[in-house]
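Undergrad:
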Amino acid sequence: MNIKIIKYLTAKTAVDALITVVTGMISFIMRNRYSAFALVMTAIFYLPALKNGSVDAGFLYGGDNLGWYFPALAKTHTLFNSFNFTAIDFSTFNASSDFFLSPNFFAYHPLVIIYSLLVPAETTSLQELGHFLVLLLAVHSFLAVYFSLKLFTRFFSFDFGTAALIASAFAFSVHMVFTMGQPNYVFIASIIPWATYAALSYGETPSLRQLVFAILPIIFGLMGGYLPLGVACLLLSVILVAAKLLVIDNTEKQFDERVRALLGALLPFVCASIIVGPYLYAVYAFNRETTSTDFGSLFYSAHQLAEQPQSLLRLISSNYNYFVPGGFSEFTLAWGFIAIVIATIFLSSPKTIDALTPQDWKIFKISAFIYFATVLAIYGEYSVVSDLVYYLVPQVGKMHIYQRFLLPAHLLFVVMVALMLKAVVQVRPPVALRVVLALSAVATLTAAYLVGRNPTFSQEIGLNNYLVFELLLAFLFACALIVPGKNFVYSAVIVLFCLPALDRMYGFSEGGNTLQKQQERQKIALDESERARFITYLKRFSDKAIIKYVDVTPMWTKEGVETFPKVFPYFALKELPLSSYGGYTFYLSARADYMHKMPVGANVTVSPDWEYLRNTGADFVVARALDVQNDALSGVFARIKNEDLYKLPNDVVIVPLRTQAEKKLSSGNAIFDNGYFKISESSDSLVNIAKGKPARQSSILAGGDAMRAVDGNTEGDFNLGSVSHTGVDTNAWLEIDLGQSEMIDSVRVWNRTDGSGDRLRDYWVFISDAPFLAKDSASVLRARPATWGQVNFTPNPKGTIQTGGVRGRYVRVQLGGTQPIGESYLSLAEVEVFRSDMSQVATATVPHSSDASDLQVKKFTTNNANYFRLDLESSASATVQYLFWNNPRLNYYLNGQRTTVVERDGLNFINVPAGSNTIEIRYRHWPLIVFWVFYTMYALVFLWIVTPSRVRAGVWRRLFHRASGRNL
């Protein structure tokens with residue numbers, strides 16, 4: 017009996033304990049229901065993306081994410097982890113760009129900085145960085161849900177169900193899913209509720225602590241990675257704050273009191289702007305140095321990629337987007353069937369309209385005004401509102417693709433939907449509910465029948481199984497409205513509203529979006545073994561401190577993947593210092609003066625200045641195999657051994673730009689070259705032995721005789737009388753008789769510059785002691801004995817061909833015979849031939865000495881961010897060339913004293929005297945330095961504020977005792 021009693025008491029105790037635990041959990045959740053709801057919704061939304069270290073977060077592996085944000089995060093991590101907070105980007109655009117000043121990247125996001133400082137870059141894989149990026153997105157989604165709940169329950173007097181619908185429908189909308197490939201948009205839009213709530217909280221109970229907290233979301237917004245959208249989202253927050261304090265509040269305060277309250281609530285925005293102000297100025301100033309100013313126009317910003325009014329049909333479902341004719345750029349209207357059903361019921365009954373309170377109507381009207389103004393602004397030339405935004409909204413109006421405004425405006429759309437649902441649930445008009453229920457049932461069954469029985473007709477009208485499913489969701493929602501209980505309806509509508517977006521989100525982790533499948537499509541970027549083999553190949557051909565290459569492939573293949581990663585150096589940061597002459601966001605990240613030297617053409621294909629590449633030490637060229645075989649690159653291909661060519665995916669090859677022999681020829685009198693610097697002995701200028709010598713050409717057109725090409729004038733405008741011009745001839749030629757056999761060091765060809773320079777491509781330079789025949793074509797001369805020849809790239813405007821001391825009397829420039837007949841004219845501004853002064857030249861490594869000058873490079877150091885130092889000693893004067901672009905924020909020092917550089921055609925030279933010398937190059941960006949001072953001060957104040965009071969008191973006591981001890 018006692019045993020039974022004991023068992024009974026034990027069981028009862030266990031049950032009581034379980035009940036206590038469950039009750040406690042429920043009580044805890046209810047007390048923290050905002051955070052609990054936000055956490056659960058975020059976990060469900062990101063579940064497949066966060067599993068297994070985000071291996072199958074498919075949105076990481078496409079578009080701008082893989083092309084820019086993901087690898088740029090790796091570069092940011094490396095820089096911050098080595099405590100470089102300002103930097104030149106030596107990985108892309110030949111170091112013409114300031115890495116941290118691109119307005120479309122989130123390098124200075126507070127959480128990115130914290131992660132980069134705490135997690136070692138050397139041991140962090142790209143996959144781990146991808147996992148961090150997904151976590152960062154999840155954190156922002158959590159913040160959007162949590163502060164939406166807090167904002168609309170506390171300051172707009174919504175019940176929890178209404179606020180929960182707003183929070184979930186905003187943070188987990190189809191718009192948010194669309195922008196997973198642009199994570200900076202999520203970072204920015206998600207802070208609108210937070211910034212609004214923080215400002216209103218501070219305005220209600222102002223204090224230093226509240227102010228410090230209220231500044232943080234605004235900094236998040238400005239550092240989110242796309243300044244025009246960030247400013248627009250913060251402007252929306254300001255409007256919401258103003259609407260709340262000036263219009264919506266039902267208090268008896270006088271208007272001037274409400275204005276004072278508004279000004280107080282806006283103080284966090286002012287303080288945050290002061291903290292971030294130097295950074296904003298730096299970005300603005302740098303942006304004016306880029307080619308983005310070339311694109312600044314009403315057409316580019318508001319019209320070029322605008323929606324067409326016919327796309328209104330897309331509002332019924334995001335799965336209808338691609339059926340509706342017309343362009344689709346990033347975002348479009350996507351209301352969904354459930355929102356349409358709610359609006360239909362609301363507008364069909366006077367009782368539902370009367371159910372909203374005056375305060376509800378104020379909120380509804382403000383939301384409707386802003387949202388529909390945004391909608392009207394996306395239609396470009398069809399809507400004058402687009403023009404008004406461009407002209408009247410500073411900076412924000414210059415943003416490309418106004419459909420991006422739909423992302424923050426969607427918050428106001430779901431506010432309207434939530435208010436309409438509130439009235440519908442309160443009234444539940446029976447007739448309207450029955451009609452909607454019947455119509456949704458008929459529509460669902462009819463759509464299912466048509467898709468199943470007549471797929472051809474269904475496809476013609478854009479009907480598919482996704483639409484059938486969304487119609488089913490609308491029918492289930494209509495059913496839920498009939499069921500008693502407000503909480504049930506809100507629970508159902510939240511789930512049903514989010515399912516289409518959730519389906520798209522989960523789709524990123526399935527099928528062809530998984531890492532394994534994407535590795536097959538994008539091997540160089542994602543397959544580590546393939547990348548390692550490629551890097552091993554690069555190391556074979558250069559012992560420089562940094563290897564440089566030019567990528568002349570188009571950006572995208574027909575399959576929509578990058579032909580070759582435009583920021584590949586970011587993928588190889590740990591294995592090999594690499595530098596590309598191109599990059600990804602050429603219009604935002606590179607200086608305009610550099611892009612004019614290396615312009616980008618159709619399909620983001622670089623049209624390089626080959627002379628500049630040669631003079632700055634380019635090592636490799638990345639090109640499509642088809643291009644290598646069909647144009648001037650074929651000359652490079654022909655001189656390279658098969659084993660020196662590396663085949664990449666997507667029919668791409670990479671080859672050394674010069675053979676080893678050609679490298680020696682092109683080095684001239686260089687005695688040291690490590691990729692960053694090239695050191696040459698000071699020498700007199702070469703003498704042009706072609707000037708004034710007899711010249712002839714295959715024919716003459718418009719008075720452009722051959723002597724114009726040897727008159728010593730390099731002016732490239734034909735109308736100014738110094739450009740030669742042949743008639744149409746696929747083998748057109750111009751040749752110079754030097755009068756006697758000469759040892760020729762190089763030939764420099766100057767192209768015309770008045771609009772027809774692209775005709776001079778795939779052209780040859782021949783040198784021989786034997787005369788050329790008028791009928792000789794390039795193919796004949798290539799096979800002729802004792803004739804030196806080389807195919808060359810289009811001069812822009814000049815090209816230098818190193819000949820290595822070849823002997824000859826006759827020099828011919830000739831078209832290769834491959835141009836279309838309509839472009840087969842030979843027009844030359846000047847041809848210069850330089851006599852060779854051959855001297856014994858040795859190639860240097862560190863350390864290195866040359867017999868000619870006794871030059872020794874004692875030491876070379878760099879942090880690949882903002883500092884170089886080169887220590888050298890020489891018995892003779894020398895010229896040091898900096899092989900990257902001359903950023904205006906670089907300061908040059910010779911033996912500790914500021915010195916000037918000699919700049920010619922984008923090349924930078926420092927003359928150093930004989931003896932021991934130290935050259936330093938320092939990058940200093942003072943606005944960024946001031947910003948970091950402000951940023952750090954704010955971070956310290958924030959840490960002090962959040963530190964527990966007991967800890968702060970202990971710190972103060974210790975400081976006080978130390979001060980007292982010193983005084984004693």
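First residue of the sequence shown: 17, per our numbering; consecutive thereafter. Where is the CB? At the ideal position from N, CA and C, for every residue including glycine.
Give every residue of the same chain whose Cβ lies closer than 6 Å to the Cβ of ALA860, excluding the five residues on either side of it in the sequence, and list them in chain order.
TA: Here residue 860 corresponds to residue number 844 of the sequence shown, with the count starting at 1. Bear in mind that the predicted position of ALA860 carries a pLDDT of just 34, short of 50, making it too unreliable to give a figure here.
Undergrad: Could you tell me the alpha carbon to alpha carbon distance between ALA187 and THR810, rounded to whole angstroms?
TA: Here residue 187 corresponds to residue number 171 of the sequence shown, with the count starting at 1. Here residue 810 corresponds to residue number 794 of the sequence shown, with the count starting at 1. Near 52 Å, if we compare the C-alpha coordinates of THR810 and ALA187.
Undergrad: Residues bridged to PHE884 by DSSP?
TA: The residue given as residue 884 occupies position 868 in the sequence shown. Answer is THR878 and ILE937.
Undergrad: Quick one, which of LEU227, ASP175 and LEU483 has its alpha-carbon nearest ALA211's?
TA: Within the sequence shown, numbered from 1, the residue matching residue 211 stands at position 195. That would be LEU227, whose Cα lies nearest to the Cα of ALA211.
Undergrad: Under DSSP, the alpha helix (DSSP H) around ARG823 begins and ends at which residues?
TA: Residue 823 sits at position 807 when you count from the first residue of the sequence shown. Not the alpha helix (DSSP H): ARG823 falls in the beta strand (DSSP E), residues 814–831.
Undergrad: Determine the extent of the beta strand (DSSP E) in which LYS663 is found, giving its start and end residues.
TA: Taking the sequence shown and counting its residues from 1, one reaches residue 663 at position 647. Note, LYS663: beta strand (DSSP E), 662–664.
Undergrad: Assign MET571 to one of three DSSP states: helix, strand, or coil.
TA: The residue given as residue 571 occupies position 555 in the sequence shown. Note: MET571 maps to coil in three-state DSSP.
Undergrad: Any idea which residues DSSP pairs SER890 with across the strands?
TA: Counting from 1 along the sequence shown, the entry for residue 890 is found at position 874. Paired residues: GLY931.
Undergrad: Tell me the DSSP secondary structure of GLN326 in three-state form.
TA: Counting from 1 along the sequence shown, the entry for residue 326 is found at position 310. Correct three-state label for GLN326: helix.
Undergrad: Between THR803 and TRP766, how many whole angstroms is the CB-CB distance? I'm expecting something under 8 Å.
TA: Here residue 803 corresponds to residue number 787 of the sequence shown, with the count starting at 1. Here residue 766 corresponds to residue number 750 of the sequence shown, with the count starting at 1. Wrong, their Cβ atoms sit about 23 Å apart, outside the cutoff.
Undergrad: Quick check on DSSP: helix, strand or coil for GLY280?
TA: Residue mapping note: residue 280 aligns to position 264 of the sequence shown, counting from 1. Residue state, collapsed to three classes: helix.
Undergrad: On the DSSP letters alone, give me the boundaries of the beta strand (DSSP E) that GLY805 sits inside.
TA: Counting from 1 along the sequence shown, the entry for residue 805 is found at position 789. First-last of the beta strand (DSSP E) with GLY805: 803–808.
Undergrad: With a threshold of 16 other CB atoms inside 10 Å of the CB of THR140, please say whether the residue is buried or exposed.
TA: Taking the sequence shown and counting its residues from 1, the one referred to as residue 140 is at position 124. Answer is buried; the Cβ neighbour count reaches 16.
Undergrad: Using DSSP bridges, identify the partner residues of LEU693.
TA: Taking the first residue of the sequence shown as position 1, residue 693 is located at position 677. It should be noted that the sequence gives Phe, not Leu, for residue 693. Answer is TYR898.
Undergrad: Under 7 Å Cβ to Cβ from ALA969, same chain only, skipping five residues before and after it: list those, please.
TA: One-based indexing of the sequence shown puts residue 969 at position 953. Counting only Cβ-Cβ distances below 7 Å, and skipping sequence neighbours, we find nothing.
Undergrad: For LEU789 and SER113, I'd like the C-alpha separation in whole angstroms.
TA: Taking the sequence shown and counting its residues from 1, the one referred to as residue 789 is at position 773. Taking the sequence shown and counting its residues from 1, the one referred to as residue 113 is at position 97. If you take the alpha carbons of LEU789 and SER113, they lie about 50 Å apart.
Undergrad: Taking the Cβ atom as the reference point for each residue, do PRO813 and GLY737 lie within a distance shorter than 8 Å?
TA: For the purposes of this step, residue 813 is identified with residue 797 of the sequence shown, where counting begins at 1. For the purposes of this step, residue 737 is identified with residue 721 of the sequence shown, where counting begins at 1. No, these two residues do not count as a Cβ contact at 8 Å.
Undergrad: Please name the residue in GLY805, GLY177 and THR816 whose C-alpha comes closest to that of VAL822.
TA: Indexing the sequence shown from 1 puts residue 822 at position 806. Minimum Cα distance to VAL822 is reached at GLY805.
Undergrad: Going straight from the alpha carbon of ALA137 to that of ASN97, what length do you get?
TA: Taking the sequence shown and counting its residues from 1, one reaches residue 137 at position 121. Taking the sequence shown and counting its residues from 1, one reaches residue 97 at position 81. So the alpha carbons of these two residues sit roughly 6 Å apart.
Undergrad: For GLN676, collect the residues of the same chain with a Cβ closer than 8 Å to its Cβ; drop the 5 residues on either side in sequence, then sort them by chain order.
TA: Translated into positions along the sequence shown, residue 676 becomes position 660. Any reading at GLN676 needs caution, since the residue's pLDDT is 49, under 50, leaving its predicted position unreliable; the model's value is listed next. None.
Undergrad: Would you check if the stretch 429–440 and the stretch 257–269 touch, i.e. whether three or more CB-CB distances between them fall below 8 Å?
TA: No: the two stretches stay apart, fewer than three of their Cβ pairs being nearer than 8 Å.
Undergrad: Where do the ends of the beta strand (DSSP E) carrying LEU910 lie?
TA: Numbered from its first residue, the sequence shown carries residue 910 at position 894. Where LEU910 is concerned, the enclosing beta strand (DSSP E) stretches over 906–910.
Undergrad: What ranges does the alpha helix (DSSP H) occupy inside the stretch 386–437, keeping only unbroken runs of at least 4 residues that lie completely in it?
TA: The qualifying runs are 400–408.
Undergrad: Taking only the alpha-carbon atoms, compute the straight-line gap between LEU944 and PRO244 and give it to the nearest angstrom.
TA: Within the sequence shown, numbered from 1, the residue matching residue 944 stands at position 928. Within the sequence shown, numbered from 1, the residue matching residue 244 stands at position 228. Distance between the alpha carbons of LEU944 and PRO244: 19 Å.
Undergrad: Under 8 Å by Cβ, that's how I've got ALA608 and GLU305 pegged, so tell me the actual separation to the nearest angstrom.
TA: Position 592 of the sequence shown, counted from the first residue, corresponds to residue 608. Position 289 of the sequence shown, counted from the first residue, corresponds to residue 305. Between GLU305 and ALA608 the Cβ distance is about 6 Å, and since that is below 8 Å, they are a contact.
Undergrad: What residue ranges within the stretch 192–247 form continuous alpha helix (DSSP H) runs of no fewer than 4 residues, ordered along the chain?
TA: Those alpha helix (DSSP H) runs which fall completely within the stretch 192–247 and span 4+ residues are 199–205, 208–220 and 224–238.
Undergrad: For GLU848, list the residues DSSP reports as bridge partners.
TA: Taking the sequence shown and counting its residues from 1, the one referred to as residue 848 is at position 832. ARG764, per the DSSP bridge assignment.
Undergrad: Per DSSP, what are the beta-bridge partners of SER784 in this structure?
TA: The residue given as residue 784 occupies position 768 in the sequence shown. DSSP output for SER784 lists THR803 and TYR826 as bridge partner(s).
Undergrad: Taking DSSP as the reference, what is the three-state secondary structure of TRP749?
TA: Position 733 of the sequence shown, counting from 1, holds the residue named residue 749. Note: TRP749 maps to strand in three-state DSSP.
Undergrad: Given a cut-off of 8 Å, decide if GLY598 and THR108 are closer than it, judged by their beta-carbon atoms.
TA: Counting from 1 along the sequence shown, the entry for residue 108 is found at position 92. Counting from 1 along the sequence shown, the entry for residue 598 is found at position 582. A contact, by the Cβ cut-off of 8 Å.
Undergrad: Sort out for me which residues DSSP pairs THR306 with in a bridge.
TA: Within the sequence shown, numbered from 1, the residue matching residue 306 stands at position 290. Partner(s): ARG607.
Undergrad: ALA318 and TYR242: beta carbons closer than 8 Å?
TA: The residue given as residue 318 occupies position 302 in the sequence shown. The residue given as residue 242 occupies position 226 in the sequence shown. No, they are not a contact pair.
Undergrad: Rank LEU750, VAL763 and SER843 by C-alpha distance to the C-alpha of THR985 and give the top, closest one.
TA: Residue 985 lies beyond the range of the chain shown here (17 to 984); nothing can be said about it.
Undergrad: Compute the Euclidean distance between the alpha carbons of ALA459 and LEU152, then round it to the nearest angstrom.
TA: Within the sequence shown, numbered from 1, the residue matching residue 459 stands at position 443. Within the sequence shown, numbered from 1, the residue matching residue 152 stands at position 136. Roughly 41 Å between the two C-alpha positions.
Undergrad: Is it buried or exposed for SER313, if we count other Cβ within 10 angstroms and need 16 for buried?
TA: Within the sequence shown, residue 313 is the residue found at index 297, counting from 1. Exposed: under 16 other Cβ atoms inside 10 Å.
Undergrad: Checking 8 Å against the spacing of the C-beta atoms, do TRP835 and THR934 come in under that value?
TA: For the purposes of this step, residue 835 is taken as residue 819 along the sequence shown, with counting starting at 1. For the purposes of this step, residue 934 is taken as residue 918 along the sequence shown, with counting starting at 1. The sequence as given places Gln at residue 835; Trp does not occur at that position. Against a cut-off of 8 Å, the Cβ pair of THR934 and GLN835 comes out as no contact.
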